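Numbering-wise (the UniProt record's numbering), the sequence shown opens with residue 1 and increments by one.
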Amino acid sequence: MFWRSVVGKLAITILLLVCFVLFILSIFLLQFFENFHLDEAETSMMKTATKISYLVDEQEDHSVIQETVDLIKDPTNRVAIIFPDGDFWVSESNDNHLFKLEEDWIKNDPELVEVMTESKELKKQITLPNSDMDAIIVGKPVLNNGGVFVYQSLQAVEQTKLETRKIIYLAAGIALVLTTFFAVFLSTRITSPLIKMREAAHELTRGEFNTKVPILTHDEIGDLAIEFNRMGRQLKFHINALRQEKEQFSSIVTSMADGVVTLNRNGDMIVINPPAEKFLENWYFEHNVSTNLSNKPLPVELKEVLEEVIGGEDKVLREIVIQGRNYVMLMTPLYDGSQVRGAVAVIRDMTEERRLDKLRKDFIANVSHELRTPISMLQGYSEAIVDDIAESKEEKNELAKIIQDESLRMGRLVNELLDLARMEAGHIQLNKEEVEIQAFVERILKKFQGIAADNQVELLFENHIKSNTAILDPDRVEQIFTNLIDNAIRHTDENGFVKVSVKNNENELVVSIEDNGSGIPEEDLPFVFERFYKSDKSRTRNKQKKGTGLGLAIAKNIVNAHNGSISVKSKLHQGTTFTFNIPRDKQFFI
Numbered sequence: 001m002f003w004r005s006v007v008g009k010l011a012i013t014i015l016l017l018v019c020f021v022l023f024i025l026s027i028f029l030l031q032f033f034e035n036f037h038l039d040e041a042e043t044s045m046m047k048t049a050t051k052i053s054y055l056v057d058e059q060e061d062h063s064v065i066q067e068t069v070d071l072i073k074d075p076t077n078r079v080a081i082i083f084p085d086g087d088f089w090v091s092e093s094n095d096n097h098l099f100k101l102e103e104d105w106i107k108n109d110p111e112l113v114e115v116m117t118e119s120k121e122l123k124k125q126i127t128l129p130n131s132d133m134d135a136i137i138v139g140k141p142v143l144n145n146g147g148v149f150v151y152q153s154l155q156a157v158e159q160t161k162l163e164t165r166k167i168i169y170l171a172a173g174i175a176l177v178l179t180t181f182f183a184v185f186l187s188t189r190i191t192s193p194l195i196k197m198r199e200a201a202h203e204l205t206r207g208e209f210n211t212k213v214p215i216l217t218h219d220e221i222g223d224l225a226i227e228f229n230r231m232g233r234q235l236k237f238h239i240n241a242l243r244q245e246k247e248q249f250s251s252i253v254t255s256m257a258d259g260v261v262t263l264n265r266n267g268d269m270i271v272i273n274p275p276a277e278k279f280l281e282n283w284y285f286e287h288n289v290s291t292n293l294s295n296k297p298l299p300v301e302l303k304e305v306l307e308e309v310i311g312g313e314d315k316v317l318r319e320i321v322i323q324g325r326n327y328v329m330l331m332t333p334l335y336d337g338s339q340v341r342g343a344v345a346v347i348r349d350m351t352e353e354r355r356l357d358k359l360r361k362d363f364i365a366n367v368s369h370e371l372r373t374p375i376s377m378l379q380g381y382s383e384a385i386v387d388d389i390a391e392s393k394e395e396k397n398e399l400a401k402i403i404q405d406e407s408l409r410m411g412r413l414v415n416e417l418l419d420l421a422r423m424e425a426g427h428i429q430l431n432k433e434e435v436e437i438q439a440f441v442e443r444i445l446k447k448f449q450g451i452a453a454d455n456q457v458e459l460l461f462e463n464h465i466k467s468n469t470a471i472l473d474p475d476r477v478e479q480i481f482t483n484l485i486d487n488a489i490r491h492t493d494e495n496g497f498v499k500v501s502v503k504n505n506e507n508e509l510v511v512s513i514e515d516n517g518s519g520i521p522e523e524d525l526p527f528v529f530e531r532f533y534k535s536d537k538s539r540t541r542n543k544q545k546k547g548t549g550l551g552l553a554i555a556k557n558i559v560n561a562h563n564g565s566i567s568v569k570s571k572l573h574q575g576t577t578f579t580f581n582i583p584r585d586k587q588f589f590i
């Protein structure tokens with residue numbers, strides 16, 4: 001709205017001020033001219049009366065006096081003369097409404113009589129007899145008790161006042177119009193730079209820091225425009241500096257191996273880096289929380305620690321176990337002055353450290369345990385043969401067969417250890433070739449149909465193959481399938497299922513092997529891909545078929561050699577899902 005703008009306010013202020021001044025000035029001018037015209041009329045009439053009084057004193061011929069009076073008086077006036085000898089005469093007037101005064105009326109008015117008797121001058125407003133007309137009358141004494149009276153109607157004075165009033169009103173109207181024009185012009189002139197500053201400020205709020213205000217004047221507004229442009233440059237400099245610091249901070253947080261979560265007082269997650277996202281995904285999976293929710297809940301452990309930090313703790317250290325992984329969380333407060341406005345939590349995955357500690361402790365024990373049994377059996381049965389405990393040839397052959405089986409088992413264990421050592425040392429040799437995936441998988445599954453039927457387990461194949469071929473080492477990948485499917489069948493109860501899901505496209509091969517068997521304890525999940533890992537033997541259905549505990553470690557190294565990844569998700573008594581992916585080797589075709 002116009003009156004809400006600076007132009008409107010300034011113009012209306014100037015206009016109101018000028019109107020007030022004109023109003024006061026008009027009142028004073030009207031009052032002044034009203035008195036001025038009345039005084040002028042009385043003064044003019046008094047001058048005429050004085051001249052006539054001199055004439056009456058000097059001239060005795062009444063006819064000459066009358067002719068002279070008609071010449072010197074105003075046409076709208078009347079002159080009444082009372083001569084010293086007692087004659088009375090009233091002149092004519094162009095104003096037909098101006099009645100002639102009568103001698104008796106004059107002599108009956110005390111003030112008019114005083115003019116003749118006491119030689120006083122008179123100025124007075126009267127109402128003419130036999131009429132409602134107001135008039136002005138002046139009196140001038142003449143020698144020997146005579147008098148000259150000049151009078152005229154007030155309508156003439158009022159007419160003059162009216163004309164004067166019209167002129168004043170017209171001048172005030174013209175002044176008001178000119179004032180309005182110049183007020184709007186001046187306001188626009190003054191506020192034009194301010195409007196440009198407002199537009200520039202709006203551009204600044206949109207992030208256009210290169211916006212400049214033109215310097216139109218060299219006064220205070222011009223100085224304001226100069227300072228505004230300087231402010232824009234400073235804002236651009238500081239915003240760029242903040243942006244660089246923010247990008248640097250974001251890069252540092254993103255590249256950190258530890259998870260970082262920034263929280264406000266309400267528990268809303270503000271900043272989350274990839275390791276922290278992985279931690280949250282594991283927590284949601286552990287607590288059956290859908291990951292499709294827009295507002296994902298804050299983990300209970302973080303919420304409890306946040307309440308402690310807000311309550312006044314400088315820092316809180318807490319260890320959390322999720323999906324068998326050990327996380328150590330350190331949360332420290334963020335301050336806004338003296339008040340805690342939030343907290344930052346640094347989450348470190350200590351599983352690898354725990355695993356290495358456990359590995360160092362268990363490696364020798366595992367190797368000793370794995371070798372002790374076959375060595376003991378070799379030693380016992382060989383002593384039986386040497387001591388002729390086995391007397392018949394059939395008994396000796398049976399003992400020799402056991403010795404052979406145990407030696408083969410020891411050889412297989414040693415070979416797998418050597419293979420695993422070579423893989424971990426990066427000496428694995430892959431013979432990649434283009435393989436037709438569907439036929440390759442169906443051939444592997446066909447080998448396990450008999451074993452699955454013997455264990456009364458349903459072996460399923462879920463086909464999501466979009467690209468028919470993949471680049472991989474078929475022997476090594478078949479070894480992965482064999483280890484994973486064999487483990488799934490051995491740990492699945494009767495009437496259970498093992499589902500092999502294969503997805504293959506132009507970018508990667510993804511394989512999931514899912515069962516609804518006994519599952520893996522949460523505390524064992526971080527170590528399933530380690531050497532000599534074996535789950536609780538009581539959960540293995542096929543007690544006769546024992547592994548060496550190296551299959552999953554070998555599978556992981558084969559996947560890594562293909563530049564892929566392998567992972568496991570499991571819940572006790574609900575089942576286990578192993579998933580591995582192998583990216584397509586683009587260089588194979590070059």
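Glycine included, C-beta positions come from ideal geometry on N, C-alpha and C.
Since the structure is predicted, the reported quantities are computational estimates derived from the model, not experimental observations.
Between residue i and the ligand SAM, is there a pair consisting of the residue's CB and a ligand heavy atom that are separated by less than 6 Å?
i      : result
LYS120 : This structure does not include the ligand SAM; it has no bound ligands of any sort.
Measuring only the C-alpha atoms, how far is residue i from residue j?
i      : j      : result
ILE375 : GLU406 : 8 Å
HIS464 : ALA276 : 31 Å
LYS107 : THR179 : 58 Å
GLU442 : THR492 : 21 Å
ALA555 : ASN483 : 7 Å
THR48  : PRO110 : 23 Å
LYS545 : GLN323 : Any answer about LYS545 is weak, because its pLDDT of 45 lies below 50 and its placement is not dependable; what the coordinates show is given next. The alpha-carbon atoms of LYS545 and GLN323 are separated by roughly 28 Å.
LEU371 : ARG409 : 9 Å
ASN542 : ARG490 : In this prediction, ASN542 has a pLDDT of 44, which is less than 50 and means its spatial position is unreliable; nothing more can be read from the coordinates.
LYS9   : GLU199 : 19 Å
ALA11  : ARG341 : 49 Å
GLU58  : GLY173 : 54 Å
ALA561 : ARG265 : 46 Å
PHE209 : SER467 : 51 Å
ASP104 : GLU34  : 33 Å
PRO521 : GLU506 : 36 Å
MET45  : GLN159 : 17 Å
GLU494 : ASN487 : 14 Å
LYS571 : LEU378 : 40 Å
GLN574 : ALA470 : 32 Å
ASN563 : HIS238 : 44 Å
GLN456 : GLY519 : 18 Å
VAL90  : GLU121 : 19 Å
HIS37  : ILE215 : 56 Å
TRP283 : ALA400 : 54 Å
ARG354 : ARG318 : 16 Å
SER538 : ARG243 : Low confidence applies here, because SER538 scores a pLDDT of 40, under 50, leaving its location unreliable; read the following figure in that light. Roughly 59 Å between the two C-alpha positions.
VAL344 : VAL261 : 6 Å
Using 7 Å as the threshold, is the C-beta distance between residue i and residue j below it?
i      : j      : result
GLU508 : ASN581 : yes
VAL115 : GLY146 : no
ARG78  : SER63  : no
LEU128 : PHE99  : yes
ILE513 : PHE578 : yes
PRO333 : VAL316 : no
LEU112 : ASP134 : no
LEU459 : VAL511 : no
Here's the rule: buried if 16 or more other CB atoms are within 10 angstroms of the residue's CB, otherwise exposed. What is residue i?
i      : result
PRO75  : exposed
ILE558 : buried
HIS218 : exposed
GLU523 : exposed
VAL213 : buried
ALA553 : buried
PHE481 : buried
TYR169 : exposed
ASP336 : exposed
Hey, quick one: how far does the beta strand (DSSP E) through residue i stretch, first residue to last?
i      : result
SER251 : Per DSSP, SER251 belongs to no beta strand (DSSP E); it is in the alpha helix (DSSP H), 220 to 255.
PRO214 : From DSSP, PRO214 is part of no beta strand (DSSP E); its letter is neither H nor E.
LYS463 : Going by the sequence as given, residue 463 is Asn instead of Lys. Taken as a continuous stretch (DSSP letters only), the beta strand (DSSP E) holding ASN463 covers 457 to 465.
GLU530 : Here GLU530 belongs to no beta strand (DSSP E), and DSSP marks it neither H nor E.
ILE566 : 565 to 571
Looking at the secondary structure, which residues open and close the alpha helix (DSSP H) in which residue i lies?
i      : result
LEU552 : 551 to 561
GLU434 : GLU434 -> not in any alpha helix (DSSP H); beta strand (DSSP E) instead, spanning 433 to 436.
VAL305 : 300 to 310
LEU334 : Unbroken run through LEU334 is the beta strand (DSSP E), 325 to 336; no alpha helix (DSSP H).
LEU280 : 274 to 286
Exercise. Pick out the complete alpha helix (DSSP H) segments inside the segment 46 to 123, 4 residues or longer, and give them in chain order.
Key: The segment 46 to 123 contains these whole alpha helix (DSSP H) runs: 62 to 72, 103 to 107 and 110 to 117.
Practice problem: Mind listing, in chain order, the continuous alpha helix (DSSP H) runs of no fewer than 4 residues lying wholly within the segment 474 to 516? | Solution: Correct list: 474 to 490.
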